[in-house]
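Numbering (this note's numbering), first residue to last: 450 to 653. Below: one structure, written as structure tokens.
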């Protein structure tokens, strides 16, 4: 990675920190979009708000048809380790209260079908600190996306989707598949712990 790229990464980090003072602090998604520095120092380098004029839904394929999953508010956070290209693309989205339960079932089925259609992936569920979720992971370091994790907050009606990204070896934190799995697990665990602490702090 050349000096210009490193400079751009540093500037992105500075812009992210500056964004903490923006109206996002009043969002109900605030605990989900302001986690930083966990999992061995991963950094949030960009924060993008879903355009207010966007349709209040996104399309998801499941069961041979396309479904509309409600989105009343959403943000995207890109995460990188120092001097590397992006490691994770995280989307935090809040559902319509009347549609959250159905939304959750649709996105869960969609990920299960994705895993079932590809024999080179593994699907696992988890539960931690009041959150539930599922992860599908490729069995090798191939392609641009090597894992997807969905995290559900039934209390906040929030669906978090994390896409774990592959990069050229010289531009990523991990060298082996085992190192990627360890980083992924640390990321998911650290993110959930961070969100849980922020939720508790906000409710005091």
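Even for Gly, the Cβ is constructed at its ideal location relative to N, Cα and C.
Can you tell me whether residue i is buried or exposed, with buried defined as 16 or more other CB within 10 angstroms of its CB?
{"i": "residue 641", "result": "buried"}
{"i": "residue 480", "result": "buried"}
{"i": "residue 514", "result": "exposed"}
{"i": "residue 593", "result": "exposed"}
{"i": "residue 591", "result": "exposed"}
{"i": "residue 569", "result": "exposed"}
{"i": "residue 523", "result": "buried"}
{"i": "residue 503", "result": "exposed"}
{"i": "residue 633", "result": "buried"}
{"i": "residue 550", "result": "exposed"}
{"i": "residue 615", "result": "buried"}
Mind checking whether residue i and residue j have CB atoms under 8 Å apart?
{"i": "residue 533", "j": "residue 652", "result": "no"}
{"i": "residue 579", "j": "residue 604", "result": "yes"}
{"i": "residue 585", "j": "residue 509", "result": "no"}
{"i": "residue 595", "j": "residue 587", "result": "yes"}
{"i": "residue 478", "j": "residue 541", "result": "yes"}
{"i": "residue 639", "j": "residue 488", "result": "yes"}
{"i": "residue 539", "j": "residue 611", "result": "yes"}
{"i": "residue 558", "j": "residue 602", "result": "no"}
Could you pull out every residue in the same chain whose Cβ sits closer than 7 Å to the Cβ of residue i, ignoring the five residues on either side in sequence?
{"i": "residue 624", "result": "618"}
Taking 6 Å as the limit between beta carbons, can you name the residues of its chain near residue i, skipping five residues before and five after?
{"i": "residue 572", "result": "564 and 585"}
{"i": "residue 516", "result": "509 and 555"}
{"i": "residue 552", "result": "518, 519 and 544"}
To the nearest angstrom, how far is it from the Cα of residue i to the Cα of residue j?
{"i": "residue 501", "j": "residue 494", "result": "22 Å"}
{"i": "residue 598", "j": "residue 650", "result": "25 Å"}
{"i": "residue 630", "j": "residue 530", "result": "15 Å"}
Under 8 Å Cβ to Cβ from residue i, same chain only, skipping five residues before and after it: list those, please.
{"i": "residue 521", "result": "505, 543, 544 and 545"}
{"i": "residue 490", "result": "530 and 531"}
**Report entry** Sequence ranges, alpha helix (DSSP H) only - wholly within the stretch 516 to 540, length at least 4
**Finding:** none
Requested in this report: Quick one: which unbroken beta strand (DSSP E) runs of 3-plus residues sit fully inside the stretch 591 to 649? Chain order, please.
Outcome: 594 to 602 and 607 to 614
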